[in-house]
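Trainee: Sending over a structure as structure tokens; questions will come in a sec.
2 protein chains.
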Amino acid sequence: MESLLSSIKINVGSHLYIKDPESSDLGQNIISHSIELINELGIEKFNFNKLGKYIQSNESSIYRYFENKYKLLQYLSAMYWGIIEYRLVIETNAIEDNNTKLLKAIKILTLEPKNIDSYSDYNQLKLRDIIIDEFTKSYHHKDVDNDNDEGNFKIYKRLILRLVEMIKNVNPEYKYPKALSCHIVEGVLQQYYIQRHFKSLSDHKTENQVYNFFEDTITKVLNPK
Amino acid sequence: MESLLSSIKINVGSHLYIKDPESSDLGQNIISHSIELINELGIEKFNFNKLGKYIQSNESSIYRYFENKYKLLQYLSAMYWGIIEYRLVIETNAIEDNNTKLLKAIKILTLEPKNIDSYSDYNQLKLRDIIIDEFTKSYHHKDVDNDNDEGNFKIYKRLILRLVEMIKNVNPEYKYPKALSCHIVEGVLQQYYIQRHFKSLSDHKTENQVYNFFEDTITKVLNPK
DNA sequence: CCAATATAAAAGTATTACTATTATAAAATG
DNA sequence: CATTTTATAATAGTAATACTTTTATATTGG
Chain A
1 MESLLSSIKI
11 NVGSHLYIKD
21 PESSDLGQNI
31 ISHSIELINE
41 LGIEKFNFNK
51 LGKYIQSNES
61 SIYRYFENKY
71 KLLQYLSAMY
81 WGIIEYRLVI
91 ETNAIEDNNT
101 KLLKAIKILT
111 LEPKNIDSYS
121 DYNQLKLRDI
131 IIDEFTKSYH
141 HKDVDNDNDE
151 GNFKIYKRLI
161 LRLVEMIKNV
171 NPEYKYPKAL
181 SCHIVEGVLQ
191 QYYIQRHFKS
201 LSDHKTENQV
211 YNFFEDTITK
221 VLNPK
Chain B
226 MESLLSSIKI
236 NVGSHLYIKD
246 PESSDLGQNI
256 ISHSIELINE
266 LGIEKFNFNK
276 LGKYIQSNES
286 SIYRYFENKY
296 KLLQYLSAMY
306 WGIIEYRLVI
316 ETNAIEDNNT
326 KLLKAIKILT
336 LEPKNIDSYS
346 DYNQLKLRDI
356 IIDEFTKSYH
366 HKDVDNDNDE
376 GNFKIYKRLI
386 LRLVEMIKNV
396 NPEYKYPKAL
406 SCHIVEGVLQ
416 QYYIQRHFKS
426 LSDHKTENQV
436 YNFFEDTITK
446 VLNPK
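Residue numbers (this note's numbering), protein chains in the order written: chain A, 1 to 225; chain B, 226 to 450.
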């Protein structure tokens, strides 16, 4: 089947790049290979010099696309959340029952993406790993308010607000829909990171445990009885 | 009243420093002023050169205490979690009822510390802000497994496991005590960060909202009925 | 008072995160 | 097809950072 997202472009916000990387071969190369290299080195040890050598291009050419590596990380993050948001909308669209709908959303947020190719040209599993490892650093810094004003996190925030709506539909009386929504989206990343690195703090080391934990929490929090 | 913690030393783990900063004036100066300066600049723009000038000492002298600024951040984090753990133990000690005890623990984790002086010589509010802003970066990097093996996060993990025990005491049947415990401790920091920087994702911008959200969650999750 | 140790001052090195310059190649336009 | 614009590559350069090393000067303890 033809890829949907590879033809539909996710608008990540123009403040994230200097030149649109989707507009050229080099740009697309920068994206796909930065996913590989950031995944391998981590954002701290990754730099544009190394990326240039890796794609047999030049450091200064990469600087014509992205201001610096943290903007590139924000761009990759926006891509990731864009894909998740897109899946959230189309894969829950047909579901009538609000509760089932919310649980489907939690599945999309927690479980490893299957059918990878139908959503993106890039390596989605590695992109997801980058988000688990590095996303927190894309907004934990002193420029966060500027970056936010420029709209660099707007897809992420919109995704959280979509989840807020789903939460409200399940229980309109619930008092903390935004807190819960943020808590889930960030919590998923954190649970995976803990599973991988702090094993003594993890109940069961499976993918399903992460989903089950959030299903249990949400069900009890929203449907008290 | 005489300070308790200023006489009782928190053992943060010897891999965090080269020379124990509590053992000299310069060391204590490094701690207290790094709290000020990291708070002001953020960990990325902070460095030992600037700290040296700030305390009218020398860059190379600071390197005799700490390997690098990230080890210092881990040291400050261990200090913070050490104070919280200490409070968790002594302030909940006398409480009989398991549920009340857990809620008191949540209060200690969420609310701004009062009676600051009785727990530490250092500026606890600024230290807490550093933790909210920077703690995530102290373990989100490629050396995390080494640092963990060296015991650099042991106080943090012990704190989480203490909370796990409290959770189990409230409901021994509950399936995800570790996930919940991590989720609370990290979630508190995250809720404050969101309140400060992503206002559109925050339900109410008060300190109590953070506590109330966690109280509501825990009560429903652990006492379903 | 001497010896050990801690700190300060200064200089040096390797790396990083860019910027600038020029050259060359590819693409667009007339 | 020729020309102008634009994209990329190669190279070099700069300022800052994250340390390390060396030497000098205090401070402290026996």
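In this text, a Cβ means the ideal position worked out from N, Cα and C, and glycines have one as well.
1. The alpha helix (DSSP H) spanning A/Asp-149 covers which residue range?
2. Cβ of B/Ser-406 within 7 Å of Cβ of B/Ser-363?
3. Output yes or no for whether 7 Å exceeds the beta carbon distance between B/Trp-306 and B/Leu-384.
4. Roughly how many angstroms separate the alpha carbons of A/Phe-48 and A/Ile-62, rounded to a whole number?
5. Would you mind telling me which residues of chain A sit closer than 9 Å to B/Lys-382, beta carbon to beta carbon, in chain order?
6. Would you list, in chain order, the members of the stretch 432-446 of chain B that have their beta-carbon closer than 7 Å to a beta-carbon of chain A?
7. Using the beta-carbon of each residue, which ones in chain A are nearer than 8 Å to B/Gln-415?
8. Please state whether the Cβ-Cβ distance between B/Ser-345 and B/Ile-380 is less than 7 Å.
9. Over what stretch of residues does the alpha helix (DSSP H) that includes A/Glu-44 continue unbroken?
10. Looking at B/Tyr-279: is its Cβ nearer than 7 Å to the Cβ of B/Leu-262?
11. Considering only C-alpha positions, which residue in the set B/Lys-275, B/Leu-313, B/Thr-361 and B/Asp-354 is nearest to B/Val-389?
12. Which whole-angstrom value describes the C-beta separation of B/Ala-404 and A/Asp-203, a residue pair presumed to lie in contact below a C-beta threshold of 8 Å?
13. At a CB-CB cut-off below 8 Å, which residues of chain A make contact with B/His-366?
14. Considering Cα atoms alone, identify which of B/Val-435, B/Thr-444, B/Gln-349 and B/Lys-382 is closest to B/Ile-392.
15. Kindly indicate the opening and closing residues of the alpha helix (DSSP H) around B/Lys-278.
16. With a threshold of 7 Å between beta-carbons, can B/Glu-227 be considered close to chain A, or not?
17. Should B/Ser-228 go down as buried or exposed, given a rule of 16 or more other Cβ atoms within 10 Å for buried?
18. Whole-angstrom Cβ separation of A/Tyr-249 and A/Ile-131, contact assumed at under 8 Å?
19. Work out the CA separation of A/Phe-153 and A/Asp-147 for me, nearest whole Å.
20. So which of A/Pro-177, A/Thr-136 and A/Asn-29 has the shortest CA-CA distance to B/Asn-437?
21. A/Ala-94 by DSSP, collapsed to three states: which one?
22. Establish whether the CB of B/Val-395 and some CB of chain A are separated by less than 7 Å.
23. Starting from B/Gly-412, trace the alpha helix (DSSP H) both ways and give me its first and last residue.
24. Check whether the Cβ of A/Ala-105 lies closer than 7 Å to any Cβ atom in chain B.
Mentor: Taking the structure as given:
1. Per DSSP, A/Asp-149 belongs to the alpha helix (DSSP H) from 144-149.
2. In this structure, B/Ser-363 does not lie closer than 7 Å to B/Ser-406 by Cβ.
3. In contact: B/Trp-306 and B/Leu-384 (Cβ atoms closer than 7 Å).
4. Cα-Cα distance, rounded: 7 Å.
5. Going along chain A in sequence order, the residues near B/Lys-382 (Cβ under 9 Å) are Phe-198, Ser-200 and Leu-201.
6. Those residues of the stretch 432-446 of chain B that come within reach of chain A (Cβ to Cβ, closer than 7 Å) are Phe-438, Asp-441, Thr-442, Lys-445 and Val-446.
7. Within 8 Å Cβ-Cβ: Cys-182, His-183 and Glu-186.
8. Contact flag unset, no.
9. Taken as a continuous stretch (DSSP letters only), the alpha helix (DSSP H) holding A/Glu-44 covers 25-45.
10. Taking 7 Å as the Cβ cut-off, B/Tyr-279 and B/Leu-262 qualify as a contacting pair.
11. A check of alpha carbon separations from B/Val-389 across B/Lys-275, B/Leu-313, B/Thr-361 and B/Asp-354 identifies B/Leu-313 as the nearest.
12. Confirmed, Cβ separation roughly 5 Å.
13. Correct list: Gly-42 and Glu-44.
14. For B/Ile-392, the closest C-alpha among the options B/Val-435, B/Thr-444, B/Gln-349 and B/Lys-382 is that of B/Thr-444.
15. If you look at B/Lys-278, you'll find it in the alpha helix (DSSP H) that goes 273-279.
16. With a pLDDT of only 44 at B/Glu-227, under 50, the local geometry of the prediction cannot be trusted, and no value is derived from it.
17. The pLDDT assigned to B/Ser-228 is 45, lower than 50, so where the model puts this residue is not dependable; a value taken from the coordinates is nonetheless given after this. With fewer than 16 Cβ atoms within 10 Å of its Cβ, B/Ser-228 is classed as exposed.
18. The shown model of chain A, from 1 to 225, leaves out residue 249 of chain A, and the question about it has no answer.
19. Spanning the two alpha carbons is a distance of roughly 8 Å.
20. Nearest option by C-alpha distance: A/Pro-177.
21. The three-state secondary structure of A/Ala-94, taken from DSSP, is coil.
22. So, not an interface residue.
23. Following the DSSP letters along the chain, one finds B/Gly-412 inside the alpha helix (DSSP H) bounded by residues 402-422.
24. Output row for A/Ala-105: interface = no.
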